[in-house]
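Engineer: In the working numbering, the protein residues as written are -16 to 275.
Cβ atoms here follow ideal geometry from the backbone N, Cα and C, with glycine treated the same way.
Being a predicted model, the structure only gives us computed values, none of them experimental.
This is the structure, below, for whatever I ask next.
Below, the structure is given as structure tokens:
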């Protein structure tokens, strides 16, 4: 077949890809899905957020099977080949399209460094949005973004890699998507700290809902900021409540596969036994009602 030109993607597409619809809680949940695909039993999330973007960072660490250097590079490719055994695309895993390992963290940060350990060997690669914009090349870097006092961060990373036989850590820096522009520009310092704390709780509650089944089974443990007591999963369908009505399940055929659908009619607001349980569910039910 005659070929006129080969058009490689421009680096100008990266800012567009970063705004593909992720919110920060959904992005972190997507990263956790990758950890689960890697057969992780424990996932640790550390959030060090401040009003200054340069002083903020988030880590997502797992004790899964890790990656070799070749697997790491392939998984950080902007469009990963679908090849069995890689971190994001294991047969039967949660990953499907080969983009979550990159675009999920890059949706809320401009620098993501991946540390991974497999067979005793540690590999490191980093995507940096500013570097790509400056060089106009999709180049992976081999060191994390250095800024200010890195002692606490270095200790966390060193301890994590030393104490596990295998696993992967995502280090997200330059968090331009943690707080919105209005919060950063117009709120007082005190209000900003309150907004940061509220965002942490928001992310926590979202993860406790989306990964309820994994956490309830006891096969997965998620810890945020070294506080395991804070991670009690909650059932968004309120199956424990006597007023909850279950519809189904109904089996639908789709090609050679079957899909089981179960519906739930939740209790009224005044039928919840505590304001705390009601407020947590109301927040997410309102988001679903608004289509967000």
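With contact counted as at least three CB pairs below 8 Å, one residue from each stretch, are the segment 117 to 126 and the segment 185 to 205 in contact?
Structural biologist: no
Engineer: Looking only at C-alpha atoms, which of 245, 154 and 241 sits nearest to residue 32?
Structural biologist: Minimum Cα distance to residue 32 is reached at 154.
Engineer: With DSSP as the reference, identify every bridge partner of residue 99, one or two as the case may be.
Structural biologist: Under the DSSP definition of a beta bridge, residue 99 partners with 106 and 151.
Engineer: Just confirm the distance between the C-beta atoms of residue 42 and residue 152, as a whole number of angstroms; I'd bet it's less than 8 Å.
Structural biologist: Right, the Cβ-Cβ distance comes to about 6 Å (below 8 Å), so this counts as a contact.
Engineer: Is the beta carbon of residue 198 closer than 8 Å to that of residue 19?
Structural biologist: no
Engineer: Under 7 Å Cβ to Cβ from residue 48, same chain only, skipping five residues before and after it: list those, please.
Structural biologist: 21, 22, 101 and 149
Engineer: Would residue 93 be called buried (16 or more neighbouring beta carbons within 10 Å of its own) or exposed?
Structural biologist: With 16 or more neighbouring CB atoms inside 10 Å of its own CB, residue 93 falls in the buried class.
Engineer: From the DSSP output, in three-state form, read off residue 235 for me.
Structural biologist: The answer is strand: DSSP assigns residue 235 an E or B state.
Engineer: DSSP three-state call for residue 253: helix, strand or coil?
Structural biologist: helix
Engineer: Who pairs with residue 31 in a beta bridge, going by DSSP?
Structural biologist: 40
Engineer: If contacts are defined as beta-carbon pairs under 8 Å, then residue 157 and residue 37 qualify, I think. What distance do you get, rounded to the angstrom?
Structural biologist: 7 Å
Engineer: Report the rounded CA-to-CA distance for residue 67 versus residue 177, giving the unit in angstroms.
Structural biologist: Bear in mind that the predicted position of residue 67 carries a pLDDT of just 40, short of 50, making it too unreliable to give a figure here.
Engineer: Quick check on the DSSP output: the beta strand (DSSP E) that includes residue 242 runs from which residue to which?
Structural biologist: 240 to 248
Engineer: Pop quiz: residue 121 and residue 115 are said to be a contact at Cβ under 8 Å. What is the actual Cβ separation, rounded to whole angstroms?
Structural biologist: 6 Å
Engineer: For residue 185, which residues from the same chain have a beta carbon less than 7 Å from its beta carbon, with the 5 sequence-adjacent residues on both sides left out?
Structural biologist: 8
Engineer: Helix, strand or coil: how does DSSP classify residue 283 here?
Structural biologist: Look at the range of the chain in this structure, -16 to 275, and you will see that residue 283 is not part of it.
Engineer: If you draw a straight line from the alpha carbon of residue 145 to that of residue -2, how long is it in whole angstroms?
Structural biologist: Their Cα atoms are separated by approximately 35 Å.
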